[in-house]
Amino acid sequence: MMRGLDDDSHVKTRVSQYEALNNGKGYEIAKQLVASKIRGQNILLTKHSLKLRIIAFKEKIEVLETVDLESFRKRITGLEGKFRRGTMSKYSG
């Protein structure tokens, strides 16, 4: 869809993203997104009679510290990858 030159909705979105990062909401949103993805993968596994224990992953996500963005990003994507590898091993095993 083409937008007019005077459309600045993308600026409002970007400003909201920076505000979420500065006030800590961005970290909580990221935690919820990864936790939701893990829950969704677990539902898919359950449909195929495979189950992966997600409690430990959910607890690790909840207690992630939000000291700085780069270390937070590395830790949360690491947890997501670890869960995904466990999921893939369930399918191939």
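Residue numbers 3 to 95, in my numbering, belong to the letters of the sequence shown in order. We put the beta carbon where it would ideally sit given N, CA and C, even for glycine.
In whole angstroms, what is the alpha-carbon distance linking glutamate 72 and leucine 47?
Locating residue 72 in the sequence shown gives position 70, counting from the first residue. Locating residue 47 in the sequence shown gives position 45, counting from the first residue. Looking at the two C-alpha atoms, the distance is approximately 31 Å.
Taking DSSP as the reference, what is the three-state secondary structure of threonine 15?
Stepping through the sequence shown from its first residue, residue 15 is reached at position 13. Looking at threonine 15 - three-state DSSP - the assignment turns out to be helix.
Would you mind stating whether arginine 77 and glutamine 43 have Cβ atoms separated by less than 9 Å?
Taking the first residue of the sequence shown as 1, we reach residue 77 at position 75. Taking the first residue of the sequence shown as 1, we reach residue 43 at position 41. No, the pair does not count as a contact, with Cβ atoms beyond the cut-off.
So which of Arg5, Thr15, His12, Leu35 has the shortest CA-CA distance to arginine 75?
Counting from one through the sequence shown, the residue named residue 75 turns up at place 73. Closest option to arginine 75, Cα to Cα, is Leu35.
For leucine 81, the nearest candidate out of Lys39, Asn24, Ser18, His12 (CA to CA)
Reading the sequence shown from its first residue, position 79 is the one you call residue 81. Looking at the Cα atoms, Lys39 is the closest of the given residues.
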